[in-house]
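**Q** Right, I'll just put the structure down here and ask away after.
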Amino acid sequence: MMVKVVESKRDLNDFVYFIKKLYKDDLHYIFPIFSVLKKELFTLVLKAKKYKAILSVRENKVVGRLLYTIEFNKKKNRFICYFSAFDAINDTEVAKELFNYMELDVINQNVLYCEGTFSPYDPDTRRGILVDGFDDDPAVLTSYNAPYYSNLIESCGYYKAYDNFGLKADINSQVQKRLETVETYFDNHYDVRIDQINLNKLDNDIHDIHEVLLTATTEINYQEAPSIEMIKQVAENLRLLINPKLIRIARENLTNKPVGFCLVFPDFNQILKKTKGRIRPIYILINLKKITRVRGTMQYVIPKYQNTGLIGYMYKKVYDHFDSMGINEFEGGTVMEENEKSLHAFDKFGGRIAKTYRIYGKELKS
Numbered sequence: 002m003m004v005k006v007v008e009s010k011r012d013l014n015d016f017v018y019f020i021k022k023l024y025k026d027d028l029h030y031i032f033p034i035f036s037v038l039k040k041e042l043f044t045l046v047l048k049a050k051k052y053k054a055i056l057s058v059r060e061n062k063v064v065g066r067l068l069y070t071i072e073f074n075k076k077k078n079r080f081i082c083y084f085s086a087f088d089a090i091n092d093t094e095v096a097k098e099l100f101n102y103m104e105l106d107v108i109n110q111n112v113l114y115c116e117g118t119f120s121p122y123d124p125d126t127r128r129g130i131l132v133d134g135f136d137d138d139p140a141v142l143t144s145y146n147a148p149y150y151s152n153l154i155e156s157c158g159y160y161k162a163y164d165n166f167g168l169k170a171d172i173n174s175q176v177q178k179r180l181e182t183v184e185t186y187f188d189n190h191y192d193v194r195i196d197q198i199n200l201n202k203l204d205n206d207i208h209d210i211h212e213v214l215l216t217a218t219t220e221i222n223y224q225e226a227p228s229i230e231m232i233k234q235v236a237e238n239l240r241l242l243i244n245p246k247l248i249r250i251a252r253e254n255l256t257n258k259p260v261g262f263c264l265v266f267p268d269f270n271q272i273l274k275k276t277k278g279r280i281r282p283i284y285i286l287i288n289l290k291k292i293t294r295v296r297g298t299m300q301y302v303i304p305k306y307q308n309t310g311l312i313g314y315m316y317k318k319v320y321d322h323f324d325s326m327g328i329n330e331f332e333g334g335t336v337m338e339e340n341e342k343s344l345h346a347f348d349k350f351g352g353r354i355a356k357t358y359r360i361y362g363k364e365l366k367s
C-alpha cells in the first residue's frame, strides 16, 4: 500500500472517479457532475496548487482519497489544515495511511491542527461527515457517506469538534398560518421590502449579499466572511440551480440598504440521481417540474434586524411559490449544535433534526 500525490490529469481522473466504484451499489449516494468536479479540482489541485490531493493505492487500485489545504484562520489566529473529499474502503489502515501523510506534510509547514470535512468550493455547504440520518437521499449541496466513515476517522485520533444538524420541515397549512402571522407583524413594524435576485444584475446582488455577510453575526466559526470573489465563483458554479423566486434579498425602502438574504435551491439531486454524474441537459429540463424538494442553504440578517422576524418574513415570500412549483418538502441549511436560537426558531415552524454532520479535529505534535 502506498500514497500517491495527484500530479497529472490521469491521477486526477483516478481521484474523481474513485467514488463511482466505491458507491456503485449504494441506494442513497448521488454522484456529482463529474465533468464539473474535474474542472474545479484541476484548477485547485493542478493549476493553482492551492489544494493537495492524495490517493491510497493497493495492488494498483485506488482504495482511498483525501484533499486538503492550509489557511490562516483569523478568528482562531492560527494556520489550520482543512481536509475534505475523504473517501475510502472500510479499512482503518487505508484511513491511517492517508491522514498520516497529510499530518506529516502540514507539520513540516508548522501547522499543528487539522479539521474537516469542508467543501473546497463553498465552506458553508457540505460540512462534516454524516453520522446520523443514512435512510434518506442527500439534498442538493449536502454530503453523504457510508456509515463506517466516522469509525475510520476516529481510528486516526480525530475527535468531535462540533456537530451540524440538517433540518427538515413539513409544508402544510399550519406552517403557512405561522408564516402569515410573522409577515403581518413584520409589515406593521418595519419598512423593508423583499426582492428576488436579479440575474441581469447579479454583480449588484452579490455585492449586497457580501455586505450582509460582513455585518451579520455569523455562526461560521472556522473562517471569516467569504470574499466577493469567492461568492462570485460559488454563484457561477451554482448558476444551474438558481431559481430567482427562491433567492431573496431584504432591503430597507428608505435607504435601499441590504439587511438580510436567504438562499433556497431546488433539490436537483432528485434529477442527478438518475444521470449518474453526467450532464444531460434535455433530461434535466424535461424533469425540472418533477422536483418536489427545496433546500434552504443560507440565511443571514444584520444585527439591527435579528430577532425581528425578518428571516421568517423572507421565507414567507419564498414559501408562497411552493404550491405552484409542486414543492412538498423543505430542508433547511445545516445549523451548528450551539446555535440554539436558530434551532428553536425552526422548531416553532414544525421543523425537526433529520441528519447530523460531524466536524472532526485533531491537535498535532511537532
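When you line the sequence shown up against this note's numbering, it's residues 2 to 367, in that order.
For every residue, glycine included, the Cβ atom is placed at its ideal position computed from N, Cα and C.
Determine the contact status of serine 280 and proline 139, defining contact as a CB-CB distance below 8 Å.
**A** The identity of residue 280 in the sequence shown is isoleucine, whereas the question assumes serine. No, the pair does not count as a contact, with Cβ atoms beyond the cut-off.
**Q** Rounded to the nearest angstrom, what separates tyrosine 150 and lysine 25 at their Cα positions?
**A** 17 Å
**Q** Tell me, please, whether the region 55 to 63 touches the region 3 to 13 by the rule of three or more beta-carbon pairs shorter than 8 Å.
**A** The region 55 to 63 and the region 3 to 13 touch, with no fewer than 3 CB-CB distances between them shorter than 8 Å.
**Q** On the criterion of 16 or more Cβ atoms from any shown chain inside 10 Å, does tyrosine 361 qualify as buried, or is it exposed?
**A** buried
**Q** Starting from threonine 298 and walking both ways along the beta strand (DSSP E), at which residues does that stretch end?
**A** 294 to 302
**Q** Under 8 Å Cβ to Cβ from isoleucine 272, same chain only, skipping five residues before and after it: list those, please.
**A** Tyr284, Ile285, Asn288, Leu289, Lys291 and Ile292
**Q** Does the contact criterion of 3 or more C-beta pairs under 8 Å hold for the region 152 to 169 versus the region 303 to 312?
**A** no
**Q** Kindly confirm or deny that the region 230 to 241 and the region 199 to 219 touch, where touching means at least three C-beta pairs closer than 8 Å.
**A** Under the Cβ criterion (8 Å, minimum of three pairs), the region 230 to 241 counts as touching the region 199 to 219.
**Q** Over what stretch of residues does the alpha helix (DSSP H) that includes threonine 44 continue unbroken?
**A** Neither: threonine 44 is in no alpha helix (DSSP H) and is coded neither H nor E.
**Q** Three Cβ pairs or more, each shorter than 8 Å: is that satisfied between the region 326 to 344 and the region 297 to 307?
**A** yes
**Q** When you compare only the Cα positions, how much space is there between arginine 59 and leucine 365?
**A** Cα to Cα, arginine 59 sits roughly 27 Å from leucine 365.
**Q** Decide if the region 166 to 175 is in contact with the region 347 to 361; the criterion is three or more beta carbon pairs, one per stretch, under 8 Å apart.
**A** yes
**Q** Could you give the C-beta distance for phenylalanine 266 and valine 295, rounded to a whole number, given that I count them as a contact under 8 Å?
**A** About 7 Å separates the Cβ atoms of phenylalanine 266 and valine 295, confirming a contact at the 8 Å cut-off.
**Q** Report the option in Asp324, Ser120, Phe80 and Asn91 whose CA atom is closest to the CA atom of valine 107.
**A** Closest option to valine 107, Cα to Cα, is Phe80.
**Q** Could you give the first and the last residue of the continuous alpha helix (DSSP H) run that contains leucine 180?
**A** 174 to 190
**Q** So within the region 234 to 320, which uninterrupted beta strand (DSSP E) runs reach at least 3 residues, ignoring any that extend past its ends?
**A** 248 to 253, 259 to 267 and 294 to 302
**Q** Can you tell me the Cβ-Cβ gap for lysine 21 and glycine 327, rounded? I've got them flagged as a contact below 8 Å.
**A** No, lysine 21 and glycine 327 are not in contact; Cβ-Cβ is about 31 Å, not under 8 Å.
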